[in-house]
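Student: Numbering (this note's numbering), first residue to last: 381 to 1034.
By construction, the Cβ of each residue, glycine as well, lies at the ideal position given by its N, Cα and C atoms.
I have a structure here, written as structure tokens, and I will follow up with some questions on it.
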């Protein structure tokens, strides 16, 4: 929890009443301490400072130089003593005894594992959340403090494996360094804690078992995250998460890079939203991506302040296995046939209604956005679950049918032309108007299937760089990956890129990206990073809300709209909740009002939004403060992402 130094956001002395209340609460929690002990530790006339830190909302309580207690989550429900306090009062907490070799693992952020618990530990009658102090065998000064993760029954069921104690604070961490950095005895050195008695011997079997348990998590453990219930569940979740991550990487070509790690994370969750990185040894997405980078599957660096993937090693054995080891034909019965039909329909619909001549050549990553917008099948768009397995195989199948022409480009297959006169494509072109009329029913079906609303982001090139996009229409929207690919192709065709990660500027490119800069100040050679930064300034962002109903979303310049949930006073003692801007998300205000009457047990009305030019814009008025309930309903029932809901509390306390 305190791997880094403690940074204090706010510090203030604790008032007398709050000091007495805290002391009374601590005396009740830690009943082993006598009244005399509390008089020594927290004298009535002493001044205690409360420090709000930047570490996981932790609040630190300090007297003079040293922190004496800390609030684990800032809510006041788990207040633990520091090692400085435990050194003064060794009997304050029951003990867990571990071998000396375990200390280095705890300092690295690991929790206490059951294989590392020695005889003499006090776990009898323990309940989840109870505080325990951790001691090295043979040394009577505590090295750590934490909370119990398993009760008596859980410890028996674990059969000596898994986690026992969540480590919250350990000697040598940032919280210890926040004090005077004193040590209780000679056994405490800079990077180890040794027993003071020579009678204590290491138990090699226990230490080895502890190390085996930490083999995969020692570098990645995040002690403040919840644990997985069993080792088998951890391994299953880890395997599924890694497979989904490899699949996401194989679907990207280097021409669409860089791609932010946040986008990759979303691709993984789109594939299977049941995946939970917290239930794996990685614990965080950052650790998962770092592990992939260390194994050589990809390279990452900051791009415009955002961690991004800049290259993917498609020749890596793990990625080749992901693609090549799949069987060519898999008979999954009727479900597989329905999935393939839905994929075929989505691609045909995209080719007929969304892809223009200016978009070509079109890579898999760029085509995915078009297909998702046209997707009408059950669940999510998953090529891997079909007999196609990969986009290249899907492209080749459509090429054999004469629908498209494909070509290898930079180690990936791209669509170079579309046969617009093919009967299958003509059929979808002719039915596009009919599809628009059927959108409401299909939107309701998607709502019934709990499909998640998402934001689609595209970019419009300005006039200065439109020459890179050929004979495209004036309002040609492209993905960021496709736009970057156009620039890269131009550099390659003009011979402007070198192997040192730099690009030369010809007069056309210099005038487009460095417009208004004097010729003497305009560079002739620039790093690729700088070139991309100037290029992206010439792209105007457009966003749309994709309801997943197969109808092409309408793009508008700027950030996406949000649903506004406003809590305001309707009188001196009455509150009401207003919900606006539901229509762009395919939500009928009348339906929302009728559902709200039952769900929130209050009266609701619908009225036009004041000042809106469109008469169709309405808002829902709900009596009472139900902003949290409305947000939960939008997220869990209507599947509106939380980041697309804005809550405003007007003259109301949070």
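What would DSSP say about residue 627, mapped onto helix, strand or coil?
Tutor: Numbered from its first residue, the chain shown carries residue 627 at position 247. Residue 627 falls in the helix class under three-state DSSP.
Student: When DSSP labels each residue in this structure, what does residue 959 get in the three-state scheme?
Tutor: On the chain shown, position 579 is the one that residue 959 refers to. Three-state DSSP puts residue 959 in a strand.
Student: May I have the straight-line CA-CA distance separating residue 421 from residue 691, to the nearest angstrom?
Tutor: Taking the first residue of the chain shown as 1, we reach residue 421 at position 41. Taking the first residue of the chain shown as 1, we reach residue 691 at position 311. Those two C-alpha atoms are separated by around 57 Å.
Student: Measuring CA to CA, which of 510, 417, 491 and 419 is closest to residue 459?
Tutor: Along the chain shown, one-based indexing puts residue 459 at 79. Nearest of 510, 417, 491 and 419 to residue 459, Cα basis: 510.
Student: Residue 551 bridges to which residues according to DSSP?
Tutor: Taking the chain shown and counting its residues from 1, the one referred to as residue 551 is at position 171. None, per the DSSP bridge assignment.
Student: Would you call the CB atoms of residue 330 and residue 464 closer than 8 Å?
Tutor: Missing from the structure shown is residue 330; the chain here goes from 381 to 1034 and no further.
Student: Just mark residue 805 as buried or exposed, buried being the case when its beta carbon has 16 or more other beta carbons within 10 Å.
Tutor: In the chain shown, residue 805 corresponds to position 425, counting from 1. Per the 10 Å Cβ criterion, buried.
Student: In angstroms with no decimal places, state the Cα-to-Cα distance between residue 1011 and residue 1027.
Tutor: The residue given as residue 1011 occupies position 631 in the chain shown. The residue given as residue 1027 occupies position 647 in the chain shown. Spanning the two alpha carbons is a distance of roughly 8 Å.
Student: Just to confirm, is the Cβ distance from residue 756 to residue 725 under 8 Å?
Tutor: Here residue 756 is taken as the residue at index 376 of the chain shown, counted from 1. Here residue 725 is taken as the residue at index 345 of the chain shown, counted from 1. It is a contact, given that the beta carbons lie within the stated cut-off.
Student: I'd like the list of long-range same chain contacts for residue 456, defined as Cβ closer than 7 Å, with 5 residues on each side in sequence excluded.
Tutor: Taking the first residue of the chain shown as position 1, residue 456 is located at position 76. Taken in chain order, the list of residues that qualify is empty.
Student: Taking only three categories from DSSP, how would you classify residue 1002?
Tutor: Indexing the chain shown from 1 puts residue 1002 at position 622. Note: residue 1002 maps to strand in three-state DSSP.
Student: Give the straight-line distance between the Cα atoms of residue 480 and residue 773, rounded to the nearest whole angstrom.
Tutor: Locating residue 480 in the chain shown gives position 100, where the first residue counts as 1. Locating residue 773 in the chain shown gives position 393, where the first residue counts as 1. Rounded to the nearest angstrom, the two C-alpha atoms are 56 Å apart.
Student: Quick check on this structure: which residue in 534, 688 and 655 has the alpha carbon closest to the alpha carbon of residue 666?
Tutor: Here residue 666 refers to the residue found at position 286 of the chain shown. Selected option, being the one with the closest Cα: 688.
Student: Quick one: give me the first and last residue of the beta strand (DSSP E) that residue 443 is part of.
Tutor: The residue labelled residue 443 in the question sits at position 63 within the chain shown. Looking at the DSSP string, the run of the beta strand (DSSP E) that includes residue 443 is 439–443.
Student: Straight-line CA distance for residue 417 to residue 521?
Tutor: Against the chain shown, residue 417 aligns to sequence position 37. Against the chain shown, residue 521 aligns to sequence position 141. The alpha-carbon atoms of residue 417 and residue 521 are separated by roughly 17 Å.
Student: Nearest to residue 1038 by CA position, among 524, 786, 468 and 637, is which residue?
Tutor: Residue 1038 is absent from the model: the chain starts at 381 and stops at 1034.
Student: For residue 522, report the span of its beta strand (DSSP E) as first-last.
Tutor: One-based indexing of the chain shown puts residue 522 at position 142. That run of the beta strand (DSSP E) goes 522–528.
Student: Mark residue 661 as exposed unless 16 or more other C-beta atoms lie within 10 angstroms of its C-beta, in which case mark it buried.
Tutor: The residue given as residue 661 occupies position 281 in the chain shown. The residue is buried, with at least 16 neighbouring Cβ atoms inside 10 Å.
Student: With the cut-off set at 8 Å, would you say residue 839 and residue 889 are in Cβ contact?
Tutor: As a position in the chain shown, residue 839 is number 459, starting the count at 1. As a position in the chain shown, residue 889 is number 509, starting the count at 1. In this structure, residue 889 does not lie closer than 8 Å to residue 839 by Cβ.
Student: Of all the options 557, 896, 957 and 517, which has the alpha carbon lying nearest to the alpha carbon of residue 385?
Tutor: By one-based count along the chain shown, residue 385 stands at place 5. Among 557, 896, 957 and 517, the Cα nearest to that of residue 385 is on 557.
Student: Locate the beta strand (DSSP E) running through residue 922, then write down its first and last residues.
Tutor: Working through the chain shown from its first residue, we reach residue 922 at position 542. It spans 919–926 - the beta strand (DSSP E) in which residue 922 sits, taken as one unbroken run.
Student: Hey, how far is the Cα of residue 594 from the Cα of residue 548?
Tutor: Here residue 594 refers to the residue found at position 214 of the chain shown. Here residue 548 refers to the residue found at position 168 of the chain shown. The predicted position of residue 594 is uncertain, since its pLDDT is 47 and thus under 50; a value taken from the coordinates is nonetheless stated next. The alpha-carbon atoms of residue 594 and residue 548 are separated by roughly 17 Å.
Student: Per DSSP, residue 979 is paired with what?
Tutor: As a first step, residue 979 must be located in the chain shown, where it is residue number 599. BP columns for residue 979 are empty, so no partner.
Student: Consult DSSP for residue 898 and reduce its assignment to one of helix, strand or coil.
Tutor: Taking the chain shown and counting its residues from 1, the one referred to as residue 898 is at position 518. Residue 898: coil per DSSP, three-state reduction.
Student: Using CA atoms only, rank isn't needed, just tell me which of 430, 453 and 454 is closest to residue 444.
Tutor: Start at 1 with the first residue of the chain shown, and residue 444 comes out as number 64. When each option's Cα is compared against that of residue 444, the closest is 430.
Student: For residue 864, count the other beta carbons within 10 Å of its own beta carbon; 16 or more makes it buried, fewer makes it exposed. Which is it?
Tutor: In the chain shown, the residue the question calls residue 864 occupies position 484. Residue 864 should be labelled buried.
Student: What first and last residue would you give for the alpha helix (DSSP H) that runs through residue 392?
Tutor: By one-based count along the chain shown, residue 392 stands at place 12. Where residue 392 is concerned, there is no enclosing alpha helix (DSSP H), although the beta strand (DSSP E) it sits in stretches over 388–393.
Student: Three-state secondary structure (DSSP) at residue 721?
Tutor: Position 341 of the chain shown, counted from the start, is the residue given in the question as residue 721. The answer is helix: DSSP assigns residue 721 an H, G or I state.
Student: Assuming residue 948 is part of the beta strand (DSSP E), what are its boundary residues?
Tutor: On the chain shown, position 568 is the one that residue 948 refers to. Per DSSP, residue 948 belongs to the beta strand (DSSP E) from 943–949.
Student: Within the continuous alpha helix (DSSP H) that includes residue 780, where are the two ends?
Tutor: Here residue 780 refers to the residue found at position 400 of the chain shown. That run of the alpha helix (DSSP H) goes 771–780.
Student: Below 8 Å on the Cβ atoms is my guess for residue 925 versus residue 858; work out the distance and round it to an integer in Å.
Tutor: Start at 1 with the first residue of the chain shown, and residue 925 comes out as number 545. Start at 1 with the first residue of the chain shown, and residue 858 comes out as number 478. That pair is no contact at about 19 Å.
Student: Given a threshold of 16 other Cβ atoms within 10 Å of its Cβ, counted over all protein chains shown, does residue 911 qualify as buried or as exposed?
Tutor: Translated into positions along the chain shown, residue 911 becomes position 531. Buried is the call here.
Student: With residue 985 and residue 1006 assumed to form a contact (beta carbons below 8 Å), what rounded beta-carbon distance in angstroms separates them?
Tutor: Residue numbering aside, residue 985 sits at position 605 when the chain shown is read from its first letter. Residue numbering aside, residue 1006 sits at position 626 when the chain shown is read from its first letter. Not quite, the Cβ-Cβ distance comes to about 14 Å (not below 8 Å), so this is no contact.
Student: Determine the burial state of residue 999: buried for a count of at least 16 other Cβ atoms within 10 Å of its Cβ, exposed for fewer.
Tutor: On the chain shown, position 619 is the one that residue 999 refers to. That one is buried.
Student: Is it right to say residue 1017 is buried, meaning 16 or more other beta carbons lie within 10 angstroms of its own, or is it exposed?
Tutor: The residue labelled residue 1017 in the question sits at position 637 within the chain shown. Classification for residue 1017: exposed.
Student: I'd like to confirm the pairing. Which residues does DSSP put opposite residue 754 in its beta bridges?
Tutor: Stepping through the chain shown from its first residue, residue 754 is reached at position 374. In DSSP, residue 754 forms no bridge with anything.
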